[in-house]
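Each residue of the sequence shown is one higher than the last, beginning at -18 in this note's numbering.
Read through the structure below, which is laid out as structure tokens, and then see the notes.
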Amino acid sequence: MGWYRKEFNAPANFANRLITLEFDGVYKNSEVWINGKYLGKRPYGYSSFSYEISKYLKSGKNLIAVKVDNSAQPDSRWYSGSGIYRNVWLTSAAKISVAKWGTFVSAAQSGSVKIETQIQNKTLKSQSVLVAHTIYDPNGKLVLKTKLQSLKLDTSGRTIISETQISNPILWSVANPKQYSMQTQILQNNKLIDTYETKFGIRGFQFDAEKGFSLNGKPMKILGVCLHHDLGALGAAVNIRAMERQLEIMKEMGVNAIRTAHNPPAPEFLDLCDKMGFLVMDEAFDMWAKKKTKNDYHLNFPEWHKTDLEDMIVRDRNHPSIILWSIGNEIREQFDSTGTAITKELVSIVKSLDKTRPVISALTETKAEKNFIYQASALDIYGLNYNHKLYKDFLKNYPGVKFLATETTSALETRGFYDTADTIRRWPKDGKTKFTEGNKAWSASSYDNVSAYWGSTHEETWKEAKKYDHVSGLFVWTGFDYLGEPLPYAWPARSSYFGIVDLAGFPKDSYYMYQSEWTNKPVLHILPHWNWEQGKSVEVWAYYNHADEVELYLNGKSLGKKSKQNDDLHVLWNVNFEPGTLKAVSRKSGRDILTRVVKTAGAAAKIELVADRNNIKADGKDLSFITVRILDAAGNVVPDAENLIDFKVEGNGFIAGVDNGFQASLEPFKASYRKAFHGLCLAILQSTEKVGVIKLTATSSGLSKASIVVKTGK
């Protein structure tokens, strides 16, 4: 339970303006007052919403009060965060203006553009105005200006529709994410009274039952990951740079699509996807009227689902990144006849607001005759979670039906931990048996040989998705580890093991399998580390591409060449450990492509600090993520190092969080220290609003210390 209060001075001209309080998201059951006047309640923690406060404002000081109640637990299957975790805005507009989220630009690949504009009139009498749209291309060049349209507005306002054509359009794509900008202007008595900006993209896409997905006429696989909204050590509080870093790491892996699991994301997240070139499956709900946890959204669904779904569609429909609306994830109404009516209702709500995108739901019941959501015959695409063995015969079983793997894999890995690689394990083995396997390290092997019982390993899944054109693509569960759902281990494990990247942002080994398959860049990655007991038989894997073969050397002696056979995604050697240097060389037509070396590390001797960015903004929000590496005297990462690192910050910044990626660590995220885990940990520096430098010094008993300087500027 939380209370917030904020005092602010009313704008001088507030009496002649529309003043609105806009919340991007409050988790959850928020209630808002202004100067003691009750504005309303919003139960769903992921919805954006607003209140017009003009009539309650007074000259001078005004007081906003917000009550947030997330006390009834459990209310979610993952860590939701609590309170005002997204941005809040005070906006001022003319009483005749474009309404909030009041434009919808739908642009076809041909350049034909349809513009819907909702004009509000809060003057309490009829008005006459002129409206025009000006469109600029991605380079800021004026491309067209519509004629001034004369409008009569009654007190309820009016929605107008315009159609125009952009010649030789610059298309938005994942490789070239270019957006147009439209300014809508309202004039009255020859005076400009409102300007409203809308960004949009011009692109075309298609799902085909047999050929899969295409963007702008070019076939492509949707290579996606599911992401929860937490930002690791920073929790659920929105931070644009932290989201951007996650997306940069995913882009580097070859990801071209994100599923917002299982709720509407922060608006800034979608802005980043537009700008960086990610396709998005925007998801509304994790449950409908039937619960998954005792105090979840099922309590609010009957009263609020229409408002929440409408607000998501209207808020998000101008984003070119969004190609799919998802009305639900693994909804319990799949299994009872109420699911059919609710599905039809939700799809009709979406279609009433946006007919340009398909509607999907992530399903688990695989027998059509038992799946009441499927039986509604309202969804545009069949979205299947897991069940990768069903991909092959999907077209035979569902002729003419478009198909997307909406959630896959649920493989379990701990970065830097390796045990026997020769068998695939399901942890736990089913939903009823108590989990007794595992190890004292609270870890899962990074060899990609462990998954949850309902899932499959990364390689098992991708081999099937890759094989068939009718599989439009897949969304792997998950891109990053996230707070909550620490399956298969119980407490003290407190974050998931599903991520391809750990909670700190350090890639696990499967990251490089995807990189070798999903990108055009040359890749060669060998695992595991090379610190073992003398004589132990160690399985050495190599992920590679752009090559015919890989040759492995131990201390200069060749252990043989290996090539991927059939549908292999890696090659391997069984090697009896002896200390020294393991070297892999990939070759194509006899020519060396890449070389990778792993050396046996000695005792921990020093600390190395590496910043993801050495120059950040002095805006009080920007971040530099500092990777802390524990090295031996020769500069090799020590794979079993767990040294406690102490941090000291000087200058114009502070530590926003620390982490090491270990799923069962109970060290605080807000601290000036962190133990290394498998040789690595992370310190996140945040700027103040003062220009200057931030100096971070890291020390640890018995190790040489290290310092790094990050500049902050305007």
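Beta carbons: idealized from backbone N, C-alpha and C, even for Gly.
Hey, could you find the ends of the alpha helix (DSSP H) residue i is sitting in?
{"i": "Lys447", "result": "His439 to Lys448"}
{"i": "Thr337", "result": "Segment: none, Thr337 is in no alpha helix (DSSP H) and carries neither H nor E."}
{"i": "Lys287", "result": "Phe282 to Asp297"}
{"i": "Lys377", "result": "Phe375 to Asn378"}
{"i": "Leu152", "result": "First-last for Leu152: undefined, no H or E at that position."}
{"i": "Leu251", "result": "Pro248 to Met257"}
{"i": "Glu498", "result": "Ser491 to Trp499"}
So residue i and residue j are in contact, right, with Cβ under 8 angstroms, and what is the actual spacing, rounded?
{"i": "Ser476", "j": "Leu484", "result": "5 angstroms"}
{"i": "Met262", "j": "Phe456", "result": "7 angstroms"}
{"i": "Val331", "j": "Ile308", "result": "7 angstroms"}
{"i": "Phe700", "j": "Leu535", "result": "No statement about residue 700 is possible, as the shown extent of the chain runs from -18 to 695 and does not include it."}
{"i": "Thr693", "j": "Lys686", "result": "With 8 angstroms as the limit, Thr693 and Lys686 do not qualify as a contact, their Cβ atoms being about 23 angstroms apart."}
{"i": "Lys517", "j": "Glu532", "result": "The Cβ separation is near 22 angstroms, so there is no contact."}
{"i": "Phe398", "j": "Ser426", "result": "6 angstroms"}
{"i": "Thr145", "j": "Thr165", "result": "Not a contact, Cβ separation roughly 13 angstroms."}
{"i": "Pro246", "j": "His210", "result": "6 angstroms"}
{"i": "Gly660", "j": "Arg610", "result": "6 angstroms"}
{"i": "Thr319", "j": "Ile354", "result": "With a Cβ gap of about 10 angstroms, Thr319 and Ile354 do not count as contacting."}
{"i": "Ala223", "j": "Gly62", "result": "13 angstroms between Cβ atoms; not a contact."}
{"i": "Tyr25", "j": "Asp267", "result": "Their Cβ separation, rounded to whole angstroms, is 11 angstroms, which puts Tyr25 and Asp267 out of contact at 8 angstroms."}
DSSP puts residue i in a beta bridge; with which residues?
{"i": "Lys126", "result": "Thr115"}
{"i": "Asn555", "result": "Glu520"}
{"i": "Val504", "result": "Val504 pairs with nothing; no bridge assigned."}
{"i": "Ala392", "result": "Ser432"}
{"i": "Ile308", "result": "None; Ile308 has no bridge partner."}
{"i": "Thr576", "result": "Val566"}
{"i": "Trp70", "result": "Glu3"}
{"i": "Phe658", "result": "Leu661"}
{"i": "Ala343", "result": "Asn310 and Gly364"}
{"i": "Gly694", "result": "Lys598"}
{"i": "Ile689", "result": "Leu677"}
{"i": "Glu589", "result": "Arg610"}
{"i": "Gly64", "result": "Tyr8"}
{"i": "Tyr177", "result": "Thr165"}
{"i": "Glu144", "result": "Lys95"}
{"i": "Ile638", "result": "The amino acid at residue 638 is misidentified as Ile; the sequence shows Gly. Paired residues: Ile665."}
{"i": "Ala386", "result": "Leu365 and Leu455"}
Starting from residue i and walking both ways along the beta strand (DSSP E), at which residues does that stretch end?
{"i": "Trp522", "result": "Ser518 to Tyr525"}
{"i": "Tyr399", "result": "Run containing Tyr399: none; DSSP gives neither H nor E here."}
{"i": "Ser137", "result": "First-last for Ser137: undefined, no H or E at that position."}
{"i": "Ile167", "result": "Tyr161 to Gln169"}
{"i": "Asn276", "result": "Run containing Asn276: none; DSSP gives neither H nor E here."}
{"i": "Val86", "result": "Ile77 to Ala88"}
{"i": "Asp627", "result": "Leu625 to Gly632"}
{"i": "Lys564", "result": "Thr562 to Lys569"}
{"i": "Trp269", "result": "Taken as a continuous stretch (DSSP letters only), Trp269 belongs to no beta strand (DSSP E), as it is neither H nor E."}
{"i": "Lys602", "result": "Looking at the DSSP string, Lys602 is not in any beta strand (DSSP E), and its letter there is neither H nor E."}
{"i": "Trp(-16)", "result": "Gly(-17) to Asn(-10)"}
{"i": "Tyr8", "result": "Neither: Tyr8 is in no beta strand (DSSP E) and is coded neither H nor E."}
{"i": "Asn102", "result": "Ser93 to Asn102"}
{"i": "Phe(-5)", "result": "It is not in any beta strand (DSSP E) - Phe(-5) carries neither H nor E in the DSSP assignment."}
{"i": "Glu532", "result": "Glu530 to Leu535"}
{"i": "Ile239", "result": "Ala238 to Thr241"}
{"i": "Gln546", "result": "Here Gln546 belongs to no beta strand (DSSP E), and DSSP marks it neither H nor E."}
{"i": "Phe353", "result": "Phe353 -> no beta strand (DSSP E), and no H or E assigned at all."}
{"i": "Gln187", "result": "Phe186 to Asp189"}
I'd like to know if the region 285 to 298 and the region 37 to 52 are in contact, where contact means that at least 3 CB-CB pairs between them fall below 8 angstroms. Verdict: no, contact absent.
Counting only runs of 3+ residues fully inside the region 192 to 232, write out the beta strand (DSSP E) ranges in chain order. Listed in chain order, the complete beta strand (DSSP E) runs (minimum 3 residues) inside the region 192 to 232 are 193 to 196 and 203 to 208.
Enumerated in chain order, which unbroken segments of the beta strand (DSSP E) with a length of 3 residues or greater are wholly contained in the region 411 to 489? Taking only runs of at least 3 residues, the beta strand (DSSP E) segments lying wholly in the region 411 to 489 are 452 to 458.
Taking contact to mean 3 or more Cβ pairs, one atom from each stretch, closer than 8 angstroms, check whether the region 402 to 419 and the region 160 to 170 are in contact. By the C-beta criterion, the region 402 to 419 is judged not to be in contact with the region 160 to 170, since fewer than 3 inter-stretch pairs fall below 8 angstroms.
Check whether the region 118 to 126 and the region 134 to 141 touch, using three or more Cβ-Cβ pairs below 8 angstroms as the test. They do not touch, by the three-pair rule.
List, from N- to C-terminal side, the alpha helix (DSSP H) runs of 4 residues or more that fit wholly inside the region 314 to 338. The region 314 to 338 contains these whole alpha helix (DSSP H) runs: 319 to 334.
Please confirm if the region 238 to 246 is in contact with the region 199 to 207, defined as three or more CB-CB distances below 8 angstroms between the two stretches. Result yes; three or more Cβ-Cβ pairs closer than 8 angstroms.
Check whether the region 500 to 509 and the region 521 to 539 are in contact - that is, three or more C-beta pairs closer than 8 angstroms. Yes, the region 500 to 509 is in contact with the region 521 to 539.
Three CB pairs or more closer than 8 angstroms across the region 12 to 19 and the region 77 to 93: Taking one beta carbon from each stretch, the region 12 to 19 and the region 77 to 93 have fewer than 3 pairs nearer than 8 angstroms; the two do not touch.
So does the region 669 to 679 actually touch the region 630 to 637, counting three or more Cβ pairs closer than 8 angstroms? At 8 angstroms Cβ cutoff, the stretches touch.
Is there contact here, the region 436 to 454 with the region 389 to 396, by at least three beta-carbon pairs under 8 angstroms? By the Cβ test, the region 436 to 454 is in contact with the region 389 to 396, since at least three Cβ pairs between them sit closer than 8 angstroms.
Those runs of the beta strand (DSSP E) which lie wholly inside the region 13 to 43 and span at least 3 residues: Runs of beta strand (DSSP E) with 3 or more residues, each lying fully within the region 13 to 43, are found at 18 to 23 and 30 to 33, listed in chain order.
Across the region 110 to 121 and the region 184 to 199, are there enough close Cβ pairs to call them in contact, namely three or more that are closer than 8 angstroms? Verdict: no, contact absent.
Quick check: the region 145 to 154 against the region 182 to 189, are there 3 or more CB pairs under 8 angstroms? Below 8 angstroms, enough C-beta pairs join the region 145 to 154 and the region 182 to 189 to call them touching: three or more.
Cβ contact check for the region 555 to 567 and the region 488 to 501: 3 or more pairs under 8 angstroms: Counting C-beta pairs with one atom in each stretch, the region 555 to 567 and the region 488 to 501 have fewer than three that are closer than 8 angstroms, which means they do not touch.
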